[in-house]
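Residue numbers for the sequence shown follow our numbering, so the first one is 41 and each next one is one higher.
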Amino acid sequence: MLLLTKYIRRRANSSLVCNILFGGHVPMKKLFIPKYIYKYTRFNEYWEDIFQNRRFYMPSPDELNDPFEGQLLPVGSGTAGNSINTAAGKFNRDMERFLKNFRILSFSANIRNKAMWAHYSDQYCGFALQFNTQKNFSEVERVIYRPDYETIGAVAIPSLKKYEEYDPIRQSLLIKSKDWENEEEFRIIKEVTHERGKNFANQPMYYNFDLSDLEGIILGANLDFEDKNNAEKYKCHLKNKQRLLDYAHRLKIPVYYSWTVPIKSKIEFYKEGNRPRFDGSSYMNYIEKNF
Numbered sequence: 041m042l043l044l045t046k047y048i049r050r051r052a053n054s055s056l057v058c059n060i061l062f063g064g065h066v067p068m069k070k071l072f073i074p075k076y077i078y079k080y081t082r083f084n085e086y087w088e089d090i091f092q093n094r095r096f097y098m099p100s101p102d103e104l105n106d107p108f109e110g111q112l113l114p115v116g117s118g119t120a121g122n123s124i125n126t127a128a129g130k131f132n133r134d135m136e137r138f139l140k141n142f143r144i145l146s147f148s149a150n151i152r153n154k155a156m157w158a159h160y161s162d163q164y165c166g167f168a169l170q171f172n173t174q175k176n177f178s179e180v181e182r183v184i185y186r187p188d189y190e191t192i193g194a195v196a197i198p199s200l201k202k203y204e205e206y207d208p209i210r211q212s213l214l215i216k217s218k219d220w221e222n223e224e225e226f227r228i229i230k231e232v233t234h235e236r237g238k239n240f241a242n243q244p245m246y247y248n249f250d251l252s253d254l255e256g257i258i259l260g261a262n263l264d265f266e267d268k269n270n271a272e273k274y275k276c277h278l279k280n281k282q283r284l285l286d287y288a289h290r291l292k293i294p295v296y297y298s299w300t301v302p303i304k305s306k307i308e309f310y311k312e313g314n315r316p317r318f319d320g321s322s323y324m325n326y327i328e329k330n331f
């Protein structure tokens, strides 16, 4: 059993498991869910809403940074003229309309990803949120990464009159190119509410959470203003950092700082007030072990 488990974990993003999950209709959300997930965040016009209203904005697929979203699982809707799209190297022209019915909230299982700190947390000047997956976030689902040369058979949708017929479209949002594999992404996917005579596709959707879901706030390495170089270079973020700490202290959320270890090309984390010292002692004496 142990050997089988190790094999499945190694093959979790392979075509074999892809076929098992999607062809065999095995519920994906219960497989390989980590204890913690992380949301990389930057100081923008929306960040305070996370703490004030305990919620995340859920973007539609076309708002995300990958133009291939929802396109890697071929879906056939039976609409006339789709062969023209296929000849041009494109997928079902109806997919854009179908995908407008869904919203996505993305997380990562990896808090030590250097590229994600740079890209999603504003060059290490933002922060990340650590959530446990025991309650609200237990519904996260792992993204499957497929090689570009791998062929996945098309899934036919005769109509979209029944709720279950949206499932292949929803599944398409859990498949991404292997180029994104280092993000170790998990997603929460929600369908837009449908009511007769009302169109909610253009309405904003939010995902609410409880404070008990939030285990910690992790500041980017460049927000360590005890480093004099950072204090001068990134002083434009001082006000936002202080507001973030105010929320953390008022809501009693643990705060952690990033500690870069260039000689090992690693990022570690220490709890607020326990910064590693330059006195000859090992930095590992101060590093938190729960990341």
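From the three backbone atoms N, C-alpha and C, an ideal C-beta is built for every residue, glycine too.
Quick check on the burial criterion: 16 or more other C-beta atoms within 10 angstroms. Buried or exposed for residue i?
i, result
"residue 275", "exposed"
"residue 263", "buried"
"residue 244", "exposed"
"residue 282", "exposed"
"residue 211", "buried"
"residue 151", "buried"
"residue 124", "exposed"
"residue 184", "buried"
"residue 314", "exposed"
"residue 303", "exposed"
"residue 66", "Bear in mind that a pLDDT of 40 at residue 66, under 50, signals an unreliable position, so the number given afterwards is only what the model happens to contain. Answer is exposed; the Cβ neighbour count stays below 16."
For my contact list, residue i and residue j are in at a C-beta cut-off of 8 Å; report their separation, rounded to the angstrom.
i, j, result
"residue 80", "residue 157", "7 Å"
"residue 84", "residue 155", "Contact flag wrong, Cβ pair sits at about 19 Å."
"residue 294", "residue 268", "Between residue 268 and residue 294 the Cβ distance is about 26 Å, and since that is not below 8 Å, they are no contact."
"residue 173", "residue 246", "Actually they are not in contact, since the Cβ atoms of residue 173 and residue 246 sit about 19 Å apart, beyond 8 Å."
Roughly how many whole angstroms lie between the Cα atoms of residue i and residue j?
i, j, result
"residue 248", "residue 279", "26 Å"
"residue 217", "residue 111", "10 Å"
"residue 214", "residue 104", "13 Å"
"residue 316", "residue 325", "8 Å"
"residue 188", "residue 113", "12 Å"
"residue 164", "residue 307", "11 Å"
"residue 300", "residue 101", "33 Å"
"residue 128", "residue 134", "15 Å"
"residue 272", "residue 139", "45 Å"
"residue 203", "residue 233", "Low confidence applies here, because residue 203 scores a pLDDT of 43, under 50, leaving its location unreliable; read the following figure in that light. Roughly 11 Å separates the two Cα atoms."
"residue 253", "residue 90", "13 Å"
"residue 181", "residue 298", "27 Å"
"residue 148", "residue 228", "12 Å"
"residue 220", "residue 331", "22 Å"
"residue 146", "residue 292", "25 Å"
"residue 136", "residue 318", "55 Å"
"residue 270", "residue 286", "20 Å"
"residue 265", "residue 175", "35 Å"
"residue 321", "residue 179", "42 Å"
"residue 288", "residue 277", "16 Å"
"residue 159", "residue 95", "22 Å"
"residue 230", "residue 261", "33 Å"
Which residue from the options puts its Cα closest to that of residue i?
i, options, result
"residue 142", "208, 93, 151, 184", "208"
"residue 290", "232, 171, 251, 229", "251"
"residue 78", "311, 270, 259, 107", "259"
"residue 169", "109, 268, 87", "87"
"residue 171", "256, 319, 331", "256"
"residue 92", "277, 284, 178, 183", "284"
"residue 74", "287, 224, 328", "224"
"residue 107", "130, 277, 95", "130"
"residue 305", "177, 231, 153", "153"
"residue 99", "159, 242, 323", "242"
"residue 144", "261, 323, 226", "226"
Return the chain-ordered list of same chain residues with a C-beta closer than 6 Å to the C-beta of residue i, the five sequence neighbours on each side being excluded.
i, result
"residue 82", "161, 162, 166"
"residue 109", "101"
"residue 62", "Low per-residue confidence applies at residue 62: pLDDT is 46, beneath 50, and the placement is therefore not dependable, though the value from the model is reported in the following sentence. Within the same chain, residue 62 has close Cβ partners 211."
"residue 323", "316"
Ordered along the chain, which non-local residues of its own chain (more than five positions away) have a Cβ less than 7 Å from that of residue i?
i, result
"residue 328", "296, 309, 310, 311"
Ordered along the chain, which non-local residues of its own chain (more than five positions away) have a Cβ less than 8 Å from that of residue i?
i, result
"residue 177", "77, 147, 171, 228, 249, 253"
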